[in-house]
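Enquirer: Residue numbers (the numbering used here), protein chains in the order written: chain V, 880 to 1076; chain L, 24 to 501. Submitted below is the structure of interest, expressed as structure tokens.
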């Protein structure tokens, strides 16, 4: 009887040990790749980005009508060639981006010590509207190119994307017909083949 | 040919001359009264009797660092809502989720790390690494209201890569052109410490395997740029004709002072290259490093540190007592590519930092070397179509035996929109300045809280009083 008890005890210990080993072997190994990304349709993306841009713009937009500017941006008689391009609904997309770039270049030298404005679309638009050190409005708040949230928009109504590598560098990108940035139909100014040279 | 009786210019003198050559353009600023006063008010020469090294790992492009250090359980749902397609989903079960959970016990607060940075998590748990939350360039402490109404001085070139990189490297955000332009904060540290710390240096105490950077550039100290390895000088060594031709130009005597000095620099560059190449070839590190670019750079740095530690004085302290290093990893400007791009980059970084930490333990330098990460800026919390855009404050890491490990310093923001630090699209207004980070590192490295610190981090008095005895980031070092 005692022998049986000893054998059973030894067997219990062995089985217990085996269980511990198996449990250790089955412990989950650390994941080394990112988990699956949430899936969104293009329509979801458009709705989401519109909402983010709208919220940010509402919080940050500049009110040109109450600002004390040194000029009257609504006085069309004083418009530069670039401002006329922006004011004309018939201007092509490339012409508009070129005009914005030229106006930002003027602003850069006039009030920013040679640096391009950077940040979200609404902040760049604010700078052109008159939120700048020289208190000059470069575009009117009622420009057909500015949407209801105070953002400069492309032909399809998407806010331009302003990307600054540095003070001397700026790329203006429009999302194109699909209204999604970073897709094949994006249009850049200056064109990428120029900036990549 | 040069007469052997002519006065010999030492390598040490060469190192200083290199710095002077690069700083000629800024010399006129020395005439400014302000700087002259600063020089007159310079503190006594710091005493340096131990060895320390400082390693900068620059993550170029702007790391999406709120996907490196994520909220704990309580804030995770908000994080997922805010980050949308860029949110790292909860893991399938609690056990797996806990594998990437870290706890700052002093705050009784939990966080998560990216699933590709489990080595970093382990170092945090082991007390070898800490995070600093929401760090960014600032001229002075700034609130959201001040940012919006323009009532505070802001860093120049916010949200632009080159300007923000410059500010992380120079540690001066007030203006692009100043008496500090062209020098880096770590370079200015060695300007102050080099005379006492490295009087017998035969190669530059500032080594940059990544290549060109401002961080290590001083007025009297120029970094040695190895760009992935010292130039092998193969053609010079293997082709007799080239060697003879080169030697002839090197040994020639030049009437022009500028030509003569340029020739002298070329000769010393050759000598330094040979010495660095020998270190790289002959120094053995047993720890296995990854073969990524950042892995190779950190392996090089580990070799420089080991070789230096083996070159000791009578007290067993390395002859060169202060060294600075610069490594870099590109690819963080993730406007597109979703989670995968950042994850891949962080996986490489994780492996390289883990290996470097192990190597420092292997060679007995773990308590003497502090490594920190820097990056252009943080990124928007909300995604664009497929990635994130330029923002401001972000999370950084400090690593090493001297660091108080297992902590999340600073103020980790709530990952939701419309908070007191949200400047639109989740761009975080920094709550800890780059200057506070640099001043903390500089203070550990041997710079006193005096006029020396104001030379290294010019705006530091906006964040740290001259009478303060605690580090600018309290508790970061024990």
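Just so it is clear, CB atoms sit at the ideal spot from N, CA and C, and this is done for glycine as well. Owing to the predicted nature of the structure, the values given are computational and were not obtained by experimental measurement.
Given a cut-off of 8 Å, decide if residue 211(L) and residue 406(L) are closer than it, judged by their beta-carbon atoms.
Expert: One-based indexing of the second chain puts residue 406(L) at position 383. One-based indexing of the second chain puts residue 211(L) at position 188. Contact flag unset, no.
Enquirer: Give the interface partners of residue 998(V) over in chain L, defined as CB-CB distance under 7 Å, in chain order.
Expert: Start at 1 with the first residue of the first chain, and residue 998(V) comes out as number 119. Those are 181 and 182, listed as they occur along chain L.
Enquirer: Can you grab the Cα-Cα spacing for the pair residue 290(L) / residue 432(L), in whole Å?
Expert: The count along the second chain starts at 1 and reaches residue 290(L) at position 267. The count along the second chain starts at 1 and reaches residue 432(L) at position 409. If you take the alpha carbons of residue 290(L) and residue 432(L), they lie about 47 Å apart.
Enquirer: Pick out whichever of 204(L), 286(L) and 372(L) has its Cα sitting closest to the Cα of residue 137(L).
Expert: As a first step, residue 137(L) must be located in the second chain, where it is residue number 114. When only C-alpha atoms are compared, the closest one is 372(L).
Enquirer: Hey, out of 446(L), 464(L), 191(L) and 427(L), whose CA is closest to residue 150(L)'s CA?
Expert: Sequence index remark: in the second chain, residue 150(L) carries index 127 (1-based). Taking only the C-alpha atoms, the option nearest residue 150(L) is 427(L).
Enquirer: Taking its Cβ as the centre, do 16 or more other Cβ atoms sit within 10 Å of residue 79(L), making it buried, or is it exposed?
Expert: The residue given as residue 79(L) occupies position 56 in the second chain. It is buried - the Cβ of residue 79(L) has at least 16 other Cβ atoms within 10 Å.
Enquirer: Output yes if chain V places a C-beta closer than 8 Å to the C-beta of residue 199(L); else output no.
Expert: In the second chain, the residue the question calls residue 199(L) occupies position 176. Yes, residue 199(L) lies at the interface with chain V (some Cβ there is under 8 Å from its Cβ).
Enquirer: To the nearest angstrom, how far is the alpha carbon of residue 3(L) from that of residue 276(L)?
Expert: With chain L covering only 24 through 501, there is no way to say anything about residue 3(L).
Enquirer: Measuring only between beta-carbons, confirm whether residue 1060(V) sits less than 8 Å from chain L.
Expert: Stepping through the first chain from its first residue, residue 1060(V) is reached at position 181. Yes - at least one Cβ of chain L is within 8 Å of the one on residue 1060(V).
Enquirer: Can you check whether the C-beta of residue 949(V) is within less than 8 Å of a C-beta belonging to chain L?
Expert: Numbered from its first residue, the first chain carries residue 949(V) at position 70. No, because no Cβ of chain L sits closer than 8 Å to the Cβ of residue 949(V).
Enquirer: For chain L, is any of its Cβ atoms less than 8 Å away from the one on residue 984(V)?
Expert: For the purposes of this step, residue 984(V) is taken as the residue at position 105 of the first chain. For residue 984(V), the answer is no, since every Cβ of chain L falls outside 8 Å of its Cβ.
Enquirer: Within 10 angstroms of its Cβ, does residue 1070(V) collect 16 or more other Cβ (buried), or is it exposed?
Expert: Residue 1070(V) sits at position 191 when you count from the first residue of the first chain. Burial call: exposed.
Enquirer: Under 6 Å Cβ to Cβ from residue 68(L), same chain only, skipping five residues before and after it: list those, please.
Expert: In the second chain, the residue the question calls residue 68(L) occupies position 45. 219, listed in sequence order.
Enquirer: Quick one: is residue 924(V) near chain L, going by C-beta distance under 8 Å?
Expert: If you number the first chain from 1, residue 924(V) lands on position 45. Taking Cβ atoms only, chain L reaches closer than 8 Å to residue 924(V), which makes this a yes.
Enquirer: So residue 410(L) and residue 361(L) are in contact, right, with Cβ under 8 Å, and what is the actual spacing, rounded?
Expert: Counting from 1 along the second chain, the entry for residue 410(L) is found at position 387. Counting from 1 along the second chain, the entry for residue 361(L) is found at position 338. Indeed, because the Cβ distance is near 7 Å, the residues count as touching under 8 Å.
Enquirer: With a floor of 3 residues, list each beta strand (DSSP E) that falls wholly inside the stretch 224-277 of chain L, ordered by position along the chain.
Expert: Segments of the beta strand (DSSP E) lying fully in the stretch 224-277 of chain L: 229-231.
Enquirer: With a cut-off of 8 Å, does the C-beta of residue 1056(V) fall near any C-beta of chain L?
Expert: Position 177 of the first chain, counted from the start, is the residue given in the question as residue 1056(V). Cβ-Cβ to chain L under 8 Å: no for residue 1056(V).
Enquirer: Which residue marks the beginning of the beta strand (DSSP E) containing residue 522(L), and which one marks its end?
Expert: Limits of chain L in this structure are 24 at one end and 501 at the other, which puts residue 522(L) out of reach.
Enquirer: Which term fits residue 394(L), buried or exposed, when burial requires 16 or more other beta carbons within 10 angstroms of its beta carbon?
Expert: Taking the second chain and counting its residues from 1, one reaches residue 394(L) at position 371. It counts as buried.
Enquirer: Counting contacts by CB-CB distance shorter than 8 Å, is residue 1035(V) in contact with chain L?
Expert: Within the first chain, residue 1035(V) is the residue found at index 156, counting from 1. No, residue 1035(V) does not count as interfacial toward chain L.
Enquirer: Using the C-alpha atoms, what's the distance from residue 186(L) back to residue 246(L)?
Expert: Locating residue 246(L) in the second chain gives position 223, counting from the first residue. Locating residue 186(L) in the second chain gives position 163, counting from the first residue. Going by the C-alpha atoms only, they are around 21 Å apart.
Enquirer: Just checking: is the beta-carbon of residue 358(L) within a distance shorter than 8 Å of some beta-carbon in chain V?
Expert: As a position in the second chain, residue 358(L) is number 335, starting the count at 1. Output row for residue 358(L): interface = yes.
Enquirer: Run down chain L in chain order and give the residues with a C-beta less than 9 Å from the C-beta of residue 1043(V).
Expert: In the first chain, the residue the question calls residue 1043(V) occupies position 164. Within chain L, the residues near residue 1043(V) are 180, 182, 183, 184, 185, 186 and 413.
Enquirer: Let me make sure I understand the geometry here. Which of 472(L), 416(L) and 234(L) has the alpha-carbon closest to that of residue 92(L)?
Expert: The residue given as residue 92(L) occupies position 69 in the second chain. Cα-wise, what sits closest to residue 92(L) is 416(L).
Enquirer: Is the beta carbon of residue 404(L) less than 8 Å from the beta carbon of residue 167(L)?
Expert: By 1-based counting over the second chain, the position of residue 404(L) is 381. By 1-based counting over the second chain, the position of residue 167(L) is 144. Taking 8 Å as the Cβ cut-off, residue 404(L) and residue 167(L) do not qualify as a contacting pair.
Enquirer: Going by C-alpha to C-alpha distance, which of 414(L), 208(L) and 72(L) sits closest to residue 476(L)?
Expert: The sequence position of residue 476(L) within the second chain is 453, counting from 1. Among 414(L), 208(L) and 72(L), the Cα nearest to that of residue 476(L) is on 208(L).
Enquirer: Leaving out the 5 sequence neighbours to the left and right, which residues in its chain are closer than 8 Å to residue 970(V) when beta-carbon positions are compared?
Expert: Within the first chain, numbered from 1, the residue matching residue 970(V) stands at position 91. Counting only Cβ-Cβ distances below 8 Å, and skipping sequence neighbours, we find 964 and 978.
Enquirer: Mind reading off the beta-carbon distance from residue 1038(V) to residue 1031(V)? Whole number of angstroms is fine, and I expect it under 8 Å.
Expert: By one-based count along the first chain, residue 1038(V) stands at place 159. By one-based count along the first chain, residue 1031(V) stands at place 152. That pair is a contact at about 7 Å.
Enquirer: Note down the Cα distance separating residue 945(V) from residue 999(V), rounded to an integer number of angstroms.
Expert: By 1-based counting over the first chain, the position of residue 945(V) is 66. By 1-based counting over the first chain, the position of residue 999(V) is 120. Approximately 22 Å, taken between the alpha carbons.
Enquirer: Starting from the C-beta of residue 1040(V), find all residues in its chain whose C-beta is less than 6 Å away, skip the five residues before and the five after it, and write them out in chain order.
Expert: On the first chain, position 161 is the one that residue 1040(V) refers to. For residue 1040(V), where only same-chain residues beyond five positions count, the Cβ hits under 6 Å are 1052 and 1060.
Enquirer: Return helix, strand or coil for residue 1030(V), following the three-state DSSP convention.
Expert: One-based indexing of the first chain puts residue 1030(V) at position 151. Reduced to three states, the DSSP call for residue 1030(V) is coil.
Enquirer: Helix, strand or coil for residue 74(L) per DSSP?
Expert: Indexing the second chain from 1 puts residue 74(L) at position 51. It is coil, neither helix nor strand.
Enquirer: Have a look at 110(L), 129(L) and 85(L) and flag the residue whose alpha-carbon is nearest the alpha-carbon of residue 160(L).
Expert: Walking along the second chain from the start, residue 160(L) turns up at place 137. Among 110(L), 129(L) and 85(L), the Cα nearest to that of residue 160(L) is on 85(L).
Enquirer: Of the choices 298(L), 201(L) and 82(L), whose alpha-carbon is the least far from that of residue 191(L)?
Expert: As a working mapping, residue 191(L) is identified with position 168 in the second chain. Looking at the Cα atoms, 82(L) is the closest of the given residues.
Enquirer: Can you tell me whether residue 124(L) is helix, strand or coil according to DSSP?
Expert: The residue given as residue 124(L) occupies position 101 in the second chain. If DSSP states are grouped into helix, strand and coil, residue 124(L) belongs with the strands.
Enquirer: Is the CB of residue 236(L) under 8 Å away from at least one CB in chain V?
Expert: The sequence position of residue 236(L) within the second chain is 213, counting from 1. No, residue 236(L) lies away from the interface with chain V (no Cβ there is under 8 Å from its Cβ).
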